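Report on the structure given below.
Number of protein chains: 2
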Amino acid sequence: MALDDRKKKILQAVIEDYINTAEPVGSRSISKRSELNLSAATIRNEMGDLEEMGLLVQPHTSAGRVPSAQGYRLYVNDMMMKYEITANEMESMRLAMQNKINELDKIICDIASAFAKLTNLPVIGALPTAESGVVSNIKLVKCDEMTIMVIISDRSGIIKNKVLRLDYSISDEELLRLNNILNENLTGLTKNEIGFGNIMEVQNALGGNGDVFHSVLELVHSAVSEIDTKQIFVEGLSNIFRFPEYSDVDKIKVIFNALENKENLGKIVGTMQNLNSVKVLIGDEIPVEELKENSVILAPYRVSSTLTGIIGIIGPARMDYSKVISILEYFSGQMSTELAHNFGKELLITEGEENNG
Amino acid sequence: MALDDRKKKILQAVIEDYINTAEPVGSRSISKRSELNLSAATIRNEMGDLEEMGLLVQPHTSAGRVPSAQGYRLYVNDMMMKYEITANEMESMRLAMQNKINELDKIICDIASAFAKLTNLPVIGALPTAESGVVSNIKLVKCDEMTIMVIISDRSGIIKNKVLRLDYSISDEELLRLNNILNENLTGLTKNEIGFGNIMEVQNALGGNGDVFHSVLELVHSAVSEIDTKQIFVEGLSNIFRFPEYSDVDKIKVIFNALENKENLGKIVGTMQNLNSVKVLIGDEIPVEELKENSVILAPYRVSSTLTGIIGIIGPARMDYSKVISILEYFSGQMSTELAHNFGKELLITEGEENNG
DNA sequence: GTTAGCACTCACTCGTGTTGAGTGCTAATC
DNA sequence: GATTAGCACTCAACACGAGTGAGTGCTAAC
Chain A
0 MALDDRKKKI LQAVIEDYIN TAEPVGSRSI SKRSELNLSA ATIRNEMGDL
50 EEMGLLVQPH TSAGRVPSAQ GYRLYVNDMM MKYEITANEM ESMRLAMQNK
100 INELDKIICD IASAFAKLTN LPVIGALPTA ESGVVSNIKL VKCDEMTIMV
150 IISDRSGIIK NKVLRLDYSI SDEELLRLNN ILNENLTGLT KNEIGFGNIM
200 EVQNALGGNG DVFHSVLELV HSAVSEIDTK QIFVEGLSNI FRFPEYSDVD
250 KIKVIFNALE NKENLGKIVG TMQNLNSVKV LIGDEIPVEE LKENSVILAP
300 YRVSSTLTGI IGIIGPARMD YSKVISILEY FSGQMSTELA HNFGKELLIT
350 EGEENNG
Chain B
0 MALDDRKKKI LQAVIEDYIN TAEPVGSRSI SKRSELNLSA ATIRNEMGDL
50 EEMGLLVQPH TSAGRVPSAQ GYRLYVNDMM MKYEITANEM ESMRLAMQNK
100 INELDKIICD IASAFAKLTN LPVIGALPTA ESGVVSNIKL VKCDEMTIMV
150 IISDRSGIIK NKVLRLDYSI SDEELLRLNN ILNENLTGLT KNEIGFGNIM
200 EVQNALGGNG DVFHSVLELV HSAVSEIDTK QIFVEGLSNI FRFPEYSDVD
250 KIKVIFNALE NKENLGKIVG TMQNLNSVKV LIGDEIPVEE LKENSVILAP
300 YRVSSTLTGI IGIIGPARMD YSKVISILEY FSGQMSTELA HNFGKELLIT
350 EGEENNG
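See the structure below:
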């Protein structure tokens, strides 16, 4: 059966109606609302065809029609009207980006929060990570007599640090020596290349008193291994309470449990291979069993040439794809220029925080 | 009316029954279950008295009785049996404390998570903060030509750091000078004493090119102001799905929204004045309107002589006070010795993390 | 003071009837 | 041949009422 123009228009009308109302759409309401000027009976025949084609579904015999995942997919790919972002929406995104605190992770979280407000959907994403992960510099700094901080920079500018309180005092000379040996052995290597083997090498290079530095080396190792680990975040999770599809405790429970699991989030964010365009996952396309009744929309963002992250939303398959995609596209496009413009090179990033007793 | 021994026993039986079943408790079940050997009619009379005294409440005329907040309070203060922690429970707490990663914040979160599992309740708390907050040392470290890290230590050992990427290169001499001036002006002051006034003083002391360092100084200021800010956490929030009192989406919504708000959590944690013993908040005693149907149990923990934190649980007023209090007391008592024992002075604390593009 | 007995209350459950939005099919109309 | 009006049919949702059972309070007997 061919999907002619009239069928397309009816499908579109059904989907848009359903997105707004969350109620199965009947032939009469389409007949009245649309500019097709067809009777309900005709619409009914066409809807029957659309169902046969797998684009619509009937929850039960005497109910209206609901779009199938396939229907949504067709809508997203071919039929959707472009949503024009309003001045208000632009303004709130601009405000979020213009955060005066100037810390990248916080800006991202603020933007995510603004997203959640604009779209009324939970926002998920990954903080910016470097593509390379090549260690460019290791620095050991003495905070006080028995406390040292390890600072590791990678070539893209990511900096990680960890604090260690020792039970012995380390001399400036020893620290300098350790510093040099670490840099000699580890600089230029990627995270994957640095394993316990290298750490042992350093320990051997240190000679007799290598043991003493064991805890320092362990620390360096753990800091290195975290350098390009994706940090995943969720914002505005409570937005799911807005949707009638989650008016049931059991369903809320399922989605909360699913989204509480970082592994699941990693799987979802991990579907983003091509870091150039917005990606829409509908139903079965979501790699987490419990979330297959939802849709996910992901967008990449680029803070610098080497520093990229992912942001997106998750919600019921019935969602305002057009609006969400536009907002994500806008963000994806504006991110680098906007941030570069606002912060220039004075881009201050994340705060670290150490308690130490 | 006097609360004689028999009334006490009946009240206790009602409360314990209700804690287990979440169903209003009838006279007949008390008559059968308890060792009082009284008929249902007698129990009925006594329960009527207990209701008159405000210790029990009847949801509706023909229902059994439910403890009132006042009833719970009496139970907690006077009547509760001490719960003996099982070997299993001790073991899981010990395991959480023996975390090999050796980072204090992570250990606290792990313990919180273990708590959540043991008690089947959401856990809230504050990460350790220092009581003094006196700045003992400020250090500016050059990560690369245009990136510096500010490291601020306080007298109790808390270390905070922030990273700044400059749009100009700073010389080692300038950095040293800035370092010295900062330490001269700010060391020994508490967080409250350091305001923008001091920062301006430093800027003046720097002379003509003070402007150039403005962003560095802003950064120092923000790091200082965070040095004794309480970081509040929630673990195992999804435990509330277990309770029949939250089988309704609206109620879940309310508690989620209330607990999502850090300000509310701050208020709750802030009720903990005396840092020596477990505190129980029942019903109206909770300083957040939306949570007044719940109970909160808080305990202090002490990592070192100056470093203290708070951990606790929140849940429906119907909860196993005895068990929760025991577990929190155990934790509160074991924390310092256990941590001191396991980590000695090699107590490594929190990791920081900076991206920087 | 305690208890047995009884009338009463009230949430809850379950079956039934009604309603209304929706369908599919058929026959008439354009 | 496409469109539409009409009609019988379906089925979730809602309201209503009877029945059930766990509970109560009160009273009179023990």
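Protein chains in written order, with numbering that gives the first Met the number 0: chain A, 0 to 356; chain B, 0 to 356. Think of the CB as a built atom: it goes at the ideal place given N, C-alpha and C, for glycine as much as any other residue. Source: prediction; values computed, not measured.
Rounded straight-line distance, which links the Cα of residue j to that of residue i
i        : j        : result
Asn119/A : Met0/A   : 38 Å
Asp153/A : Gly132/A : 6 Å
Val287/B : Ile267/B : 7 Å
Ile9/A   : Gln57/A  : 15 Å
Val302/B : Tyr82/B  : 25 Å
Ala113/A : Met271/A : 22 Å
Ser28/B  : Met318/B : 20 Å
Leu94/B  : Asn87/B  : 10 Å
Lys261/A : Asn36/B  : 54 Å
Glu183/B : Leu177/B : 10 Å
Ile14/A  : Ile326/A : 20 Å
Ser170/B : Tyr245/A : 58 Å
Ile157/B : Thr128/B : 8 Å
Ser214/B : Cys108/A : 22 Å
Glu34/B  : Lys7/B   : 13 Å
Cys142/B : Leu126/B : 28 Å
Glu352/B : Ile150/A : Unreliable positioning characterises Glu352/B in this predicted model, as indicated by a pLDDT of 44, which lies under 50. A coordinate reading is not provided.
Lys250/B : Ile312/B : 18 Å
Gly314/B : Met148/B : 42 Å
Gly282/B : Tyr71/B  : 9 Å
Ser364/A : Asn44/A  : With chain A covering only 0 through 356, there is no way to say anything about residue 364/A.
Ser26/A  : Ile42/A  : 6 Å
His59/B  : Leu103/B : 50 Å
Leu181/A : Ile180/B : 32 Å
Val134/B : Val223/B : 8 Å
Val24/B  : Met96/A  : 56 Å
DSSP bridge partner residues for residue i (one or two, in chain order)
i        : result
Met148/B : Val140/B and Val162/B
Thr307/B : Thr128/B and Arg301/B
Thr189/A : Val133/A
Lys8/A   : None; Lys8/A has no bridge partner.
Ser294/B : Ile281/B and Gly314/B
Glu22/B  : In the DSSP output, where bridge partners are listed per residue, Glu22/B has none listed.
Ile123/B : Val233/B and Gly311/B
Pro66/B  : Leu55/B
Asp153/A : Val134/A
Beta-carbon separation (whole angstroms), residue i vs residue j, contact threshold 8 Å
i        : j        : result
Ile110/A : Met92/A  : 7 Å
Phe47/A  : Gln69/A  : The amino acid at residue 47/A is misidentified as Phe; the sequence shows Gly. So it is not a contact: roughly 16 Å between Cβ atoms.
Ile285/A : Val323/A : In fact, because the Cβ distance is near 15 Å, the residues do not count as touching under 8 Å.
Leu218/B : Leu306/B : With a Cβ gap of about 24 Å, Leu218/B and Leu306/B do not count as contacting.
For residue i, the nearest candidate out of the options (CA to CA)
i        : options                                   : result
Ile137/A : Lys116/A, Leu117/A and Leu175/A           : Leu175/A
Leu395/B : Met96/B, Gln69/B, Phe232/B and Lys161/B   : Residue 395/B cannot be examined here, being either before or after the span of chain B that is shown, 0 to 356.
Asn256/B : Gln230/A, Ile123/A, Glu183/A and Glu234/A : Glu234/A
Glu192/A : Asn203/A, His220/A, Glu289/A and Asp77/A  : His220/A
Leu290/B : Met52/B, Leu205/B, Leu103/B and Val253/B  : Val253/B
Gly124/B : Ser214/B, Leu49/B, Gly265/B and Val24/B   : Gly265/B
Leu139/B : Leu126/B, Lys105/B, Gly332/B and Phe212/B : Phe212/B
Ala12/A  : Pro66/A, Asn44/A, Glu173/A and Ile251/A   : Pro66/A
Met78/B  : Phe195/B, Asp4/B, Pro299/B and Lys250/B   : Asp4/B
Ile106/B : Ser321/B, Pro315/B, Ile310/B and Tyr320/B : Ile310/B
Tyr74/A  : Phe330/A, Met334/A and Val279/A           : Val279/A
Ser168/A : Asn179/A, Lys159/A, Met145/A and Val162/A : Met145/A
Gly308/A : Ser321/A, Asn293/A and Asn273/A           : Asn273/A
Ala115/B : Asn76/B, Ser276/B and Phe240/B            : Phe240/B
Leu165/A : Val201/A, Leu216/A, Ile198/A and Glu51/A  : Leu216/A
Tyr329/A : Leu181/A, Ala298/A and Ser30/A            : Ala298/A
Glu172/B : Leu205/B, Ile198/B and Lys161/B           : Leu205/B
Thr85/B  : Lys190/B, Pro23/B, Phe242/B and Leu117/B  : Leu117/B
Ser237/B : Pro243/A, Ser321/A, Val248/A and Lys229/A : Val248/A
- Task: Could you run through the stretch 241-256 of chain B and flag, in chain order, every residue whose CB is less than 8 Å away from some CB of chain A?
- Result: Tyr245, Ser246, Asp247, Val248, Ile251, Lys252, Phe255 and Asn256
- Message: Under 8 Å, CB to CB, which of the residues in the stretch 138-165 of chain B have a partner in chain A?
- Response: Lys138, Val140, Cys142, Asp143, Met145, Thr146, Met148, Ile150, Ser152, Ser155, Gly156, Ile157, Ile158, Lys159, Asn160, Lys161, Val162, Leu163, Arg164 and Leu165
- Please name the residues in the stretch 281-301 of chain B whose beta-carbon is closer than 8 Å to at least one beta-carbon of chain A, in chain order. none
- Item | Contact residues within the stretch 262-279 of chain B, judged by C-beta distance below 9 Å to chain A | none
- Query: For the stretch 202-226 of chain A, which residues have a beta carbon sitting closer than 8 Å to at least one beta carbon of chain B?
  - Reply: Ser214, Leu218, Ser221, Ala222 and Glu225
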